[in-house]
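S.K.: I have a structure I would like to understand better, so I am pasting it below and will then ask my questions one at a time.
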Amino acid sequence: MANQAVIIYGPPGSGKGTQAELLVRKFSFIHFDTGRYGESLIYAPGAEKNTVLLRERENFETGKLFTPSWTLRIVSQATRRIAKAGFGIVYSGSPRTMFEAFGDKNNKGLLSILIKLYGKKNIIVVELKVKSQTSIERNSKRVVCSVCGLPILASSKNKKCSFCAGPARKRTLDKPEIIKVRLKEYRERTYPILKKMRSLGFRIREINGEPSPYKVYEQVVRRLGLRR
Ligand SMILES: [Zn+2]
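All residue numbers in the sequence shown are consecutive under the numbering used here, ending with 229.
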């Protein structure tokens with residue numbers, strides 16, 4: 002199988018992270034979660050002494066996207082490392098702005114980096130479609146394990162992590178007022194990328210994100226042309 006770069010789009014709560022995790026469990030992909038990677042950098046020991054990281058912390062905690070130039074830098078570095086190690090890559094939160102995707106006069110955007118590393122025909126874009134009501138509901142119910150960070154399903158009876166039995170916690174990111182900002186950021190800053198990609202000849206696979214994750218996953222595998 003040729004190595005592929007899979008970009009999963011969808012509003013917060015559409016299941017991007019879950020689908021990316023499912024893909025890496027079966028195929029030789031590395032999941033690059035921009036939010037989680039950025040979060041690990043801004044809360045790393047010593048980060049409170051770095052003005053750039055403090056600025057990104059402020060963005061993160063208020064539901065805004067990271068500064069595009071900073072994101073582009075961290076994402077392209079990680080992408081090159083993953084490609085050189087011979088793995089395919091799945092993004093569940095990149096590129097999130099037009100600048101990150103397409104760059105400008107002085108910066109190469111993520112897409113041209115990916116074309117060079119993987120070839121245009123191996124860049125696959127998936128759009129998970131969910132109603133905004135679903136997006137809001139899923140985010141407001143979302144809890145994660147306070148120890149290992151894995152999601153705890155809303156249907157779980159005792160609200161304990163099925164992996165490490167750790168107790169559930171709510172993420173600051175999923176407070177209702179923060180979710181509203183995140184949805185607006187998606188609509189205004191991320192969604193326009195899909196339109197431009199279409200006009201550049203990228204094929205966008207639209208998939209209904211409303212059903213259970215395993216059902217959505219069947220569609221993802223089928224539309225990506227992967228075999229089990
Ligand atoms: Zn856990």
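Beta carbons: idealized from backbone N, C-alpha and C, even for Gly. All of these numbers come straight from a predicted model, not from anything done at the bench.
Taking contact to mean at least 3 C-beta pairs separated by less than 8 Å, is the region 45-56 in contact with the region 118-130?
M.R.: The region 45-56 is not in contact with the region 118-130.
S.K.: I need the straight-line Cα distance from Val1 to Leu66, nearest angstrom please.
M.R.: Because the chain is modelled from 2 through 229, residue 1 falls outside the range shown and cannot be assessed.
S.K.: CA-CA distance, Lys197 and Arg206?
M.R.: Cα-Cα distance, rounded: 15 Å.
S.K.: Using a Cβ-Cβ cut-off of 7 Å (strictly less than) and excluding sequence neighbours within five positions of Asp175, which residues of its own chain qualify?
M.R.: Result list for Asp175: Asn140, Ser141, Arg143, in chain order.
S.K.: Hey, would you say Ile9 sits closer than 9 Å to Ala102, going by beta carbons?
M.R.: Contact: no.
S.K.: Given a cut-off of 9 Å, decide if Gly167 and Ser93 are closer than it, judged by their beta-carbon atoms.
M.R.: For Ser93 and Gly167, no; Cβs fall outside 9 Å.
S.K.: Heavy atom of ligand 1 less than 8 Å from the Cβ of Gly110, yes or no?
M.R.: Result no, Cβ not under 8 Å from ligand 1.
S.K.: Going by DSSP in three states, Gly39 sits in which element: helix, strand or coil?
M.R.: Of the three classes helix, strand and coil, the one that applies to Gly39 here is helix, per DSSP.
S.K.: Does Phe164 pass the burial test, meaning 16 or more other C-beta atoms within 10 Å, or should it be called exposed?
M.R.: Label assigned to Phe164: exposed.
S.K.: In the structure shown, what three-state DSSP assignment does Asn4 receive?
M.R.: Asn4 falls in the coil class under three-state DSSP.
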